[in-house]
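J.:
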Amino acid sequence: MNDDFKKKVNEKYEEKLQKGERFWPDSIYKDLLVSFALFILLIGLATFIGIHPEPKVDPTDASYVPRPEWYFLFLFEFLKYFPGEIEWVGAAVIPGILVLALILLPLYDKNPFRHYSKRKFAIGLMTFIVIGMIGLTINAVITTPPQVETEIAGSLTEQIVLGQDLYSIQCVECHGPDGEGGEIAGVEGLEGVIVKSISSTDEMYTRNDGSLFDIIAYGQPNLGMPPFGGAYGGELTPSEIEYMVAFMRYSWDDRAEIPADAVAASAIPTLAEGEVPSYEVHISAVSKRYCMSCHREGKENNEYLMGSYEEILKSGNNVPNLVAGDLNSILLQTIQQNEVIGVDDETIGVMPPKKELKPEFVDMFIRWVEAGMPESASEAAALSVEVAPEVEGEVAPEAGVEETPAP
Amino acid sequence: MFKKIYAWLDERVGFDGLYKNLLDRPEPHGNWWNTLGSASLFLFIMQGATGIFLTVYYTPSPDHAYDSIQYIMNGVAFGWLIRGIHHWGASLMVLIVFIHMLRTFFSASYKYPRELTWIVGSLLFLLTLGMGFTGYLLPFNQRAYWATVVATEIGGVVPGIGDFILKALRGGTDVSALTLSRFFSAHIWMLPAALAGLIGVHLYLIMRHGESAYPDQDD
């Protein structure tokens, strides 16, 4: 590059400056406008799209499909073309050369021309690289299998509600719906074992969240409790165990105050007079809390599963479990503490085996069967009888309980 | 009163000189593509500001990182907004810096006398990617953890020095508490310091040579 050339370039630039504009205010207003637009865009993205929630780290979960941030996807995809022995070529040599080529570009690009028509090779090559990067990124997005989504709780309330659901499925068969323990019935291998209460003040005051987590994850094999953590052969992730611990702590420890909306969210809806319960709103909530710990796949339950509307009506060895309008249906009898003789002359014991269902839930099932077992809330609403509100302030049942003065 | 304060400040700061040297500079005719550099700077400042707020509550330890971010999202007033801006700002910054680089390439602005501006700029781009890479691990969730495991493994396949790279990145053989504190330190001190310094050089060079003009047929 000789001095004449440099002089020519500088003179040309001076000329352009003469015909040009001023940084203030001509171009800075554009800069500010673009920056402001980006600011609004960021607020919009943060508000309306937010951040995809992810579960806590679980180093034992080998099924997790790792994926980098989107702007590294092309590199990730590029590496797939260099398997095994030659991986280092794709990982280090080629990217290394490209990065060096990028940084040192002005030093080896000796083409003195600047106009597009005179830089066909440079522009062609860069276009090719950029299109390649975009193509690789798209390919990576298409070919990466979707992640198995697990439920993620954000707020404490969500954690407690999810934790209660998990507790209901995993723990109730031995520990009971309120952690009260007692004699185990109907659990293979643990029949007749007496379980102490895990919701007592003693337990709650002497076990911190960490110990509760460890007990659930590792189990207490010597006492008969199997491990539940994925790392030890169970089926729960660390996040899920934490939700369960949150549920236990906030429900049973009298030092922790459970958020009011968590109580509301996990409460089983009550029935008004004349209202017909539906599977969707009422029955599924009760069965999830009190029945599904045993009545799910892989448990000793005469093949009777209660995970869905179809299953409640039609699964198991003793179908029909429920007949519309028939108050002698097997399910209704067992939850009312009457033993029934099943198809193969086997006695079907009372349900739940350990602790009677609360009368309002039994009533809920009876009203549901009487009304013909509607599945959705709208079907149930159509069957409901509107009871005219009485003028002389009739107290709703749930409000009445709250107003009872403490002894 | 204000006049007095202004006069006192002007005497010491020299607003006139500032105005002449910084703002009242002549420039060739530009277009909207010329705003990408200042947009990158704006995003850097946004990332810095939101990042500083995040460090108030964030704890860089495997036991607390995830929970501290849960707290930022649910417990801190407008924490979700600050983190949301930081999260999206990272992606946007990589995108904008990259497009800024492409514009410079296609308009051949990297040629004499702006070669050094390009070299510094391409280093800024790599540092931005480094910020993205180190920041990705900090939430310490499944996605962050496994992406870092795989990415550092890639560093490990380089012949000869691969093992060293892997251990230097991870601070041991596995992704652990040490990896997290390394990435945290790089993300909030080393890389931003390098970025800020190089941005200063980049800006100085731009002011020294002026914004480049778009090429004509005879350029």
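Residue numbers (my numbering), protein chains in the order written: chain A, 1299 to 1705; chain B, 2 to 220. The beta-carbon is built from N, C-alpha and C at its ideal position, and this holds for glycine as well.
Around the Cβ of His1350(A), are there at least 16 other Cβ atoms within 10 angstroms (buried) or fewer (exposed)?
T.: The residue is exposed, with fewer than 16 neighbouring Cβ atoms inside 10 Å.
J.: Count the other CB atoms within 10 Å of the CB of Leu37(B); is the residue buried (16 or more) or exposed (fewer)?
T.: When all chains shown are included, Leu37(B) counts as buried.
J.: Near Lys1494(A), which residues of its chain fall below 6 Å by C-beta distance, leaving aside the five closest residues on each side in sequence?
T.: For Lys1494(A), where only same-chain residues beyond five positions count, the Cβ hits under 6 Å are Gly1479.
J.: Mind checking if Ala1544(A) is an interface residue toward chain B, Cβ cutoff 9 Å exclusive?
T.: With 9 Å as the cut-off, Ala1544(A) does not count as an interface residue toward chain B.
J.: If the cut-off is 9 Å on Cβ atoms, which residues from the region 1360 to 1381 of chain A count as contacting chain B, listed in chain order?
T.: The residues in question are Tyr1362, Val1363, Pro1364, Arg1365, Pro1366, Glu1367, Trp1368, Tyr1369, Phe1370, Leu1373, Phe1374 and Leu1377.
J.: Give me the subset of the region 139 to 152 of chain B whose CB atoms are less than 8 Å from a CB atom of chain A, sorted by chain position.
T.: If the cut-off is 8 Å between Cβ atoms, the region 139 to 152 of chain B has Pro140, Phe141, Asn142, Gln143, Arg144, Ala145, Tyr146, Trp147, Ala148, Val150, Val151 and Ala152 near chain A.
J.: Would you decide whether Pro29(B) is buried or exposed? Buried here means 16 or more other CB atoms lie within 10 Å of its CB.
T.: Pro29(B) is buried by the Cβ-count criterion.
J.: With a CB to CB cut of under 7 Å and the five nearest residues on each side skipped, what residues in its chain are close to Pro193(B)?
T.: Hits under 7 Å: Gly49.
J.: Using CA coordinates, which residue listed in Gly15(B), Arg13(B), Gly18(B) and Arg26(B) is at the minimum distance from Gln1316(A)?
T.: Of the candidates Gly15(B), Arg13(B), Gly18(B) and Arg26(B), the one whose C-alpha sits nearest the C-alpha of Gln1316(A) is Arg26(B).
J.: Let me make sure I understand the geometry here. Which of Ile46(B), Leu196(B), Arg84(B) and Phe3(B) has the alpha-carbon closest to that of Thr56(B)?
T.: Comparing Cα positions, the closest option is Arg84(B).
J.: Pull up the distance between the alpha-carbon of Leu1521(A) and that of Leu1488(A), whole angstroms please.
T.: So the two alpha carbons sit approximately 10 Å from each other.
J.: What residues from chain A crowd round Ala109(B), counting only those whose CB sits closer than 7 Å?
T.: Residues of chain A passing the Cβ test: Arg1412 and Arg1417.
J.: Alpha carbon to alpha carbon, how far is Ile1458(A) from Tyr1548(A)?
T.: Rounded to whole angstroms, Ile1458(A) to Tyr1548(A) spans 8 Å at the Cα level.
J.: Quick check on Glu1447(A): does DSSP put it in helix, strand or coil?
T.: Coil, per DSSP.
J.: Touching or not, the region 1505 to 1522 of chain A and the region 1433 to 1448 of chain A, by the rule of three or more beta carbon pairs under 8 Å?
T.: Touching, no, given that fewer than three Cβ pairs across the two stretches are closer than 8 Å.
J.: At a cut of 8 Å, does the region 1633 to 1643 of chain A reach the region 1556 to 1567 of chain A through at least three beta carbon pairs?
T.: They do not touch, by the three-pair rule.
J.: Taking Ala148(B) and Pro216(B) to be in contact with their CB atoms under 8 Å, please state how far apart those CB atoms are, rounded to whole angstroms.
T.: Actually they do not touch by this definition, with Cβ atoms about 41 Å apart.
J.: At a CB-CB cut-off below 9 Å, which residues of chain A make contact with Leu24(B)?
T.: Correct list: Arg1320, Phe1321, Trp1322, Pro1323 and Ile1326.
J.: May I ask you to report which of helix, strand or coil DSSP gives Tyr215(B)?
T.: Reduced to three states, the DSSP call for Tyr215(B) is coil.
J.: Output the distance between the C-alpha atoms of Lys1586(A) and Pro63(B), rounded to the nearest integer angstrom.
T.: Each residue's alpha carbon lies about 34 Å from the other.
J.: Would you mind telling me which residues of chain A sit closer than 7 Å to Met74(B), beta carbon to beta carbon, in chain order?
T.: By Cβ distance, chain A contributes Gly1452.
J.: Looking at the structure shown, is Glu1692(A) part of a helix, part of a strand, or coil, going by DSSP?
T.: Below a pLDDT of 50, predicted positions are generally treated as unreliable, and Glu1692(A), at 44, falls in that range; no measurement from the model is reported.
J.: Just list the alpha helix (DSSP H) runs in the region 149 to 201 of chain B, keeping only unbroken ones of 4 residues or longer that don't cross its boundaries, in chain order.
T.: Runs of the alpha helix (DSSP H) inside the region 149 to 201 of chain B: 163 to 171 and 178 to 186.
J.: Residues in its own chain within less than 6 Å of Ala1532(A) by CB, not counting five upstream and five downstream?
T.: Per the sequence presented here, residue 1532(A) reads as Gly, with Ala not at that position. Around Gly1532(A): Pro1525 and Phe1526.
J.: Is Glu1696(A) close to chain B? Criterion is C-beta to C-beta, closer than 9 Å.
T.: At Glu1696(A) the pLDDT is 46, less than 50, meaning the model places this residue with poor confidence and gives no usable figure here.
J.: Report yes if the CB atom of Ala1390(A) is closer than 9 Å to the CB atom of Val158(B), and no otherwise.
T.: Against a cut-off of 9 Å, the Cβ pair of Val158(B) and Ala1390(A) comes out as a contact.
J.: Using a Cβ cut-off of 8 Å, which residues of the region 59 to 73 of chain B contact any Cβ in chain A, in chain order?
T.: Under the 8 Å Cβ criterion, the region 59 to 73 of chain B contributes Pro63, Tyr67 and Gln71.
J.: So that I know if they touch, is there some Cβ in chain B lying closer than 9 Å to that of Tyr1602(A)?
T.: Judged by the 9 Å Cβ criterion, Tyr1602(A) is not in contact with chain B.
J.: Can a CB atom of chain B be found closer than 9 Å to the CB of Phe1526(A)?
T.: False, the Cβ-Cβ gap to chain B never drops below 9 Å.
J.: Name, please, each residue of chain A whose Cβ falls closer than 8 Å to the Cβ of Tyr137(B).
T.: Going along chain A in sequence order, the residues near Tyr137(B) (Cβ under 8 Å) are Pro1366 and Glu1367.
J.: Tell me which residues share the same chain as Asp1642(A) and place their Cβ nearer than 6 Å to its Cβ, disregarding the 5 neighbours each side in the sequence.
T.: Cβ neighbours of Asp1642(A) beyond the five flanking positions: none.
J.: Measure the alpha-carbon distance for Ala1399(A) versus Ala1335(A) and round it to whole angstroms.
T.: Rounded to the nearest angstrom, the two C-alpha atoms are 34 Å apart.
J.: Using only CA atoms, which one of Ser1361(A), Ala1678(A), Gly1623(A) and Ile1467(A) lies nearest to Gly1605(A)?
T.: Nearest C-alpha to Gly1605(A): Ile1467(A).
J.: So for Ala1697(A), helix, strand or coil by DSSP?
T.: With a pLDDT of 43 at Ala1697(A), under the threshold of 50, the modelled position of this residue cannot be trusted; read the value that follows with caution. If DSSP states are grouped into helix, strand and coil, Ala1697(A) belongs with the helices.
J.: Please report the distance separating the alpha-carbon of Asn22(B) from that of Ala78(B).
T.: Those two C-alpha atoms are separated by around 42 Å.
J.: Taking Cβ-Cβ distances shorter than 8 Å, what residues in chain B pair up with Leu1706(A)?
T.: An answer regarding residue 1706(A) cannot be provided, because it is not within the stretch 1299 to 1705 covered by chain A.
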